[in-house]
Amino acid sequence: MDSKELSDESIFSNLNDKQKEAVNYTEGPLLIIAGAGSGKTKALTHRIANLIHKGVKPWKILSLTFTNKAAGEMKDRIGKMIGSERAEQISAGTFHSIFAMILRREANAIGYTNNFTIYDSEDSLSLIRHIIKDNGIKFDEITPQGVRSKISWSKNQMISVADFAKSAVNDVTRTTAFIYGEYQKKLIQSNAMDFDDLLLNMIKLLNIPEILEKYQNRYEYILVDEYQDTNKAQYIIINRLAKLHHNICVVGDDAQSIYKWRGAEIRNILDFKNDYPDVKIVRLEQNYRSTKNIIGGADSLIKYNQSQIPKTLWTNNPEGSLIELFTYDSDFDESESIAKKISKLIKSNNYTLNDFAILYRTNAQSLSLEKSFKNNGLKYMILGGVSFYSRKEIKDILAYLRVLVNPKDTESLIRIINFPVRNIGNTTISHIQNFAFELNISLYEALKRVDEITAIKKNKATAVTNFVEFLEEYSSIVNSSNPLDDIVDYINATKIRNVYLEMTTDDAEDRLMNIDQLFVDIEQYFISNENATLEEYLQQSALITDSDKKDLKEDSVKLMTLHSAKGLEFPNVFIVGLEQGLFPLGFTNESPEELEEERRLLYVGITRAEKYLELSHCLRRFKFGDIIISKKSRFLSEINSKYINHNSKEENNVQFKKKSLFSDDYSQIKKKDNFYFDDIPEETKSTKQSTVNNTTNKIPIFLQIKVGDIVNHKLFGLGRVEQLNGIADNKQATVLFKSVGKKKLLIKYAGLEIMKGNF
DNA sequence: ATCGCGCTCCTTTTT
DNA sequence: GGAGCGCGAT
């Protein structure tokens, strides 16, 4: 249909020499060191197009990315080059989704059945909670979250339960090892895999020679994006798959490695040339995204990191405006001021809402921003954060669906067995669990045989039987290739919606809306994926977050963590909360390594900005319902000051003094010693002097001025702006002055003042 | 078995 | 400030 003609022209034009080199080098190992904004995705997509052009069959290509967002963009752009039909045939996706698909196909080989359930981190957490509770484990040092992250970390390092147990030195670690073991056992019994298992089981699968051979043959060309973020398990899989054909192309930037905490090994990219001595290395160092000032600022910051590949990121772009630095009184002022600034800019310039992004270190910081955006009537979109799929009402419904597909999924079964209430209480459940344990059968099997359990009275047994019969009634959905209508019936029959209809609490309405949204989601899935099964729907919903489905092009200000911002770019970027303890996060045990990772994270953030970058920090901030006094981030002093314009604190205090959260009575504030820093930030003193060369307004004038504005010039007097050219610092205004006629002025130097009204 | 109150922990960051 | 949990009251 839309099978596009490919030519050398369409593949190689508009590429710089380095990019061409990468695109042209199709055989053998290739390492692309790609700096931020250096056209990495472009090089990758053109390289794939070139492979196709050379006659490589699309299904012989495996392209692995880290996030769904990146995978989506890749597919999109490849589709535009080679036509969507051929693009569809490429195995392009995240590690997790591609491996889940393969595992689904080969499940039997490793003792799973292909209807296995994927547990997300919350499912894992609740499983761990159950294990801790069921075994009466009581250690202050053992928290479900702590155990989960230890297990996940171990899995990523490929430390087995046995290895973990061997290195256990005290009661706490021995108990943790025990939980790890139980957790693994329960997962297998439940025919379920957690996120990490999707990688580990993939390795298990590739241990089987015939299967290894099959996939080595299948994937003649392998591409891996964000290689610096791969962990040990991913590294092993990639290398095994590439072993036959050696056509492996990895792309990465050590300066943008921000997932060490999750097991990522920067070493993988640093050692690539040891793994493949015949490697070709291409460096993409020209940045096409940002102004010289932004690149300069980012570069001066990252220089503080000891361990890094030496490289020079450079740009031909204009110098641009300086990075603006603001000091605010409180996070409230910060949010309010940014919201006001953006709405002003949109009214007075040609900017649209989606030219702006606000980046923060922790999801919790979105709260005050959200409030301010609502106050100011600005449309915004939060990426990441509490996911739609992790809301209780949604998880409950998904649990009902999961149980149909995989009755062994005990966590889901327990979740719904008495919700909505059907008179099956904890006592009854534990009787059934004991029974299941003794006979070594699944909980679901035990439910079916509830009449055999003497400890359970007749009326309770009937309730259980009714529940099982209810599930069985809808079990045909599983094998249906057109299940939409039945799924809707089934969900309605669970009566979950009715529970919230009858509720009078505030959040009931939200929950109803979410449920309706889920209906829409399910409907859309089955309409756009003909012949899809429920199983497939569940698989994608486990691996895709709701923000992946959001349309980034929608006109709204984007709010997200710095981690989620990776791979994206925006004309105007605000990075907020640059305070010690928040960014860099954690104010006590800063290991140099962790600090370097935080620094790389800020580097990633800074390099998202195309034209205008604003950094800010607050003197006081709400945290856990308390006010904490904050020092400005050390990173702010690390960025070379020649790239920064520091705006004074006084000017930033939004005129909400009366409304301000902190204006009232300080004595009321509960003091938590460890939250207070003794020394008052030097900020207040030093900033007063540094503002002399700044205009009285906190928004740079070149951002405020728009065509039609009446302006005042010191010499020429009043005039009207007729035309604007250039960007940021280089923006020029053509002004028709009353006295001297038309003049072209560089706004930066013109000292124009925007007037209200006509002349 | 359910409800509601108060207590605790939470906060990294994501597939 | 909010979610989740345990415990005691009904």
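Residue numbers in the first sequence follow our numbering, run continuously in steps of one, and reach 874 at the last position. Think of the CB as a built atom: it goes at the ideal place given N, C-alpha and C, for glycine as much as any other residue. None of these values were measured; they are calculated from a predicted model.
Assignment of GLY261 by DSSP, reduced to helix, strand and coil, places it in the helix class. Within the stretch 274-361, the complete alpha helix (DSSP H) runs of at least 4 residues fall at 276-281, 286-304, 310-321, 324-333, 347-357. A residue is called buried when at least 16 other Cβ atoms come within 10 angstroms of its Cβ; GLY823 does not meet this threshold and is exposed. Take the alpha-carbon of VAL688 and the one of LEU493: they are about 16 Å apart. DSSP places PRO686 within a strand segment (E or B) once states are collapsed to three.
The beta carbon of GLU439 is closer than 6 Å to those of GLU729, ASN760 in its chain, skipping five residues each way along the sequence. Counting C-beta atoms within 10 angstroms of its own C-beta, ILE167 has 16 or more neighbours from the protein chains shown and is therefore classed as buried. Closest in alpha carbon position to TYR334, among THR467, PRO522, ASP123, LYS175, is LYS175.
ALA551 is classed as buried because its beta carbon has at least 16 other beta carbons within 10 Å across all chains shown. Rounded to the nearest whole angstrom, the C-alpha separation of GLN421 and ASP414 is 13 Å. Between ILE532 and PHE585, the C-beta gap is not smaller than 8 Å, which leaves the two residues out of contact. With contacts defined by Cβ atoms closer than 8 Å, GLU753 and LEU416 form a contacting pair. Every alpha helix (DSSP H) of 4 residues or more that sits fully in the stretch 125-180 is shown, in chain order, as 132-139, 155-168. Under DSSP, GLN838 takes part in a beta bridge, and its partners are THR849. If you look at GLY208, you'll find it isn't in any alpha helix (DSSP H); it sits in the beta strand (DSSP E) that goes 206-209. The beta strand (DSSP E) runs lying completely inside the stretch 380-420 and spanning 3 residues or more are 395-399, given in chain order. Between GLY194 and GLN401, the alpha-carbon positions lie close to 26 Å from each other. The C-beta of THR258 has fewer than 16 other C-beta atoms within 10 Å across all chains shown, which makes the residue exposed. With contacts defined as CB atoms closer than 8 Å, GLU694 and LYS746 qualify as a contacting pair. Scanning its chain for C-beta atoms nearer than 8 Å, with the 5 sequence neighbours on each side dropped, one finds around ALA224 the residues LEU320, ILE323, ILE326, in chain order. Within 10 angstroms of the beta-carbon of GLN480 lie 16 or more other beta-carbons, which makes it buried. A direct Cα-Cα distance of roughly 28 Å separates THR577 from ILE509. Scanning its chain for C-beta atoms nearer than 6 Å, with the 5 sequence neighbours on each side dropped, one finds around LEU716 the residues ILE373, LEU677, in chain order. The bridge partners DSSP lists for SER445 are ARG735. Just so you know, the alpha carbons of ILE205 and LEU177 end up roughly 7 Å apart.
Going by DSSP, LEU474 is part of the beta strand (DSSP E) stretching over 471-475. The DSSP assignment places 599-609, 611-617, 622-643 as complete runs of the alpha helix (DSSP H) inside the stretch 582-649, in order along the chain (cut-off: 4 residues). With a threshold of 16 other beta carbon atoms within 10 Å, MET317 meets it and is buried. Beta-bridge pairing by DSSP links ALA724 to PHE685. Taking 8 Å as the cut-off, the beta carbon of ILE721 is found no closer than this to the beta carbon of LEU399.
Per the coordinates, the alpha-carbon of LEU697 lies some 16 Å from the alpha-carbon of TYR718.
The beta carbon of ALA222 sits closer than 7 Å to the beta carbons of THR228, ASN229, PHE231 from its chain, once the five residues preceding and following it are set aside; these are given in chain order. Annotation: the continuous alpha helix (DSSP H) that includes LEU519 extends over 507-520.
Restricting attention to LEU674, PHE441, ILE547, ARG537, the CA atom closest to the CA of SER487 is found in LEU674. Distance from the Cα of TRP376 is smallest, within the candidate group ILE592, SER445, TYR466, SER706, for SER706. Shown here, GLY187 sits in a helix according to DSSP, grouped into three states.
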